[in-house]
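In our numbering, the protein residues as written are 169 to 320.
Heads up, the thing below is written out as structure tokens.
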Amino acid sequence: MNRGISTAISAILLAQGLKIATYKVTKGKWDWKPFFQTGGMPSSHSAGVSALATYTALETGKHSVETALAVVFGVIVMYDAQGIRRHTGEIARLVNDLDEDIELLSGHYPDLFHARRDVELNELLGHQPVEVGGGAALGIVLGLIGYFSGKK
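Structural data, given as structure tokens:
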């Protein structure tokens, strides 16, 4: 397999695995669900693109087109993770709260019909800046390891 791809995928998987440990530290119990969820610490998106950009820069040189592509791609992904996706999660939280408020009101006013959704919107979609930074730092370290472990 292409070493750049395996380095990036390894970074993504390790970051997702670290979310289990982060969950244990913050919630006090072990749970595998964070491995399969978006959001949380560290950002696996940031880890993957940072590992790929770091590996590519070392492999092809900092002035190569490949490095430029990997870095620009990485910046877009990380910006999206902490911007648009995070705000979408915040909007989902507001909609879920609004749904609860309308349900409460409908209990006080029998003429007000409200059908509560069976499933709430996913609120954990994006990342806080520190989660993106943590993922990026992890990715850079794994990009370095991926590059130097392949050299003889």
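All residues carry an ideal CB built from backbone N, CA and C; glycine is no exception.
Roughly how many whole angstroms lie between the Cα atoms of Gly229 and Thr235?
Within the sequence shown, the letter at position 61 stands for residue 229. Within the sequence shown, the letter at position 67 stands for residue 235. Each residue's Cα considered, the two are about 7 angstroms apart.
Taking three-plus beta-carbon pairs below 8 angstroms as touching, is the stretch 174 to 192 in contact with the stretch 264 to 272?
no
What is the residue span of the alpha helix (DSSP H) that Thr206 lies within?
Position 38 of the sequence shown, counted from the start, is the residue given in the question as residue 206. That residue, Thr206, is in no alpha helix (DSSP H); it is neither H nor E in DSSP.
Beta-carbon gap between Ala221 and Gly251 smaller than 8 angstroms
By one-based count along the sequence shown, residue 221 stands at place 53. By one-based count along the sequence shown, residue 251 stands at place 83. Against a cut-off of 8 angstroms, the Cβ pair of Gly251 and Ala221 comes out as no contact.
On a CA-only basis, which of Met169, Glu258, Ala225, Glu299 is nearest Leu312? Give me that one, please.
Mapped onto the sequence shown, residue 312 falls at position 144. Checked all of Met169, Glu258, Ala225, Glu299; the closest Cα to Leu312 is Ala225.
Applying the criterion that 16 or more other CB atoms from any shown protein chain within 10 Å of the CB defines a buried residue, is Glu299 buried or exposed?
Looking up residue 299 in the sequence shown gives position 131. Answer is buried; the Cβ neighbour count reaches 16.
Which same chain residues, not among the five before or five after Tyr315, have their C-beta less than 6 angstroms away from its C-beta?
Counting from one through the sequence shown, the residue named residue 315 turns up at place 147. Tyr223, Leu226, listed in sequence order.
Cutting at 6 angstroms between CB atoms, please list the residues of its own chain near Met246, excluding the five before and the five after it.
Locating residue 246 in the sequence shown gives position 78, counting from the first residue. Counting only Cβ-Cβ distances below 6 angstroms, and skipping sequence neighbours, we find Ser214, Val300.
Measure from the alpha carbon of Lys201 to the alpha carbon of each residue in Ile308, Pro210, Val193, Gly185, then state which is nearest.
Within the sequence shown, the letter at position 33 stands for residue 201. Residue Gly185 is the option with its Cα nearest to Lys201.
Assuming Gly307 and Ala219 are in contact, meaning their beta carbons sit under 8 angstroms apart, how far apart are those beta carbons, in whole angstroms?
Taking the sequence shown and counting its residues from 1, one reaches residue 307 at position 139. Taking the sequence shown and counting its residues from 1, one reaches residue 219 at position 51. That belief holds up - the Cβ atoms of Gly307 and Ala219 are roughly 4 angstroms apart, short of 8 angstroms.
Cβ-Cβ distance between His295 and Ala249 below 8 angstroms
Counting from 1 along the sequence shown, the entry for residue 295 is found at position 127. Counting from 1 along the sequence shown, the entry for residue 249 is found at position 81. Contact: yes.
Starting from Lys187, trace the alpha helix (DSSP H) in both directions and tell me its first and last residue.
Along the sequence shown, read from residue 1 onward, the residue named residue 187 stands at position 19. Taken as a continuous stretch (DSSP letters only), the alpha helix (DSSP H) holding Lys187 covers 171 to 195.
Rounded straight-line distance, which links the Cα of Val240 to that of Ala260:
In the sequence shown, counting from the first residue as 1, residue 260 sits at position 92. In the sequence shown, counting from the first residue as 1, residue 240 sits at position 72. Computed Cα separation, rounded: 29 angstroms.
My output table needs one value for Asp199: the three-state DSSP class, helix, strand or coil.
Start at 1 with the first residue of the sequence shown, and residue 199 comes out as number 31. It is coil, neither helix nor strand.
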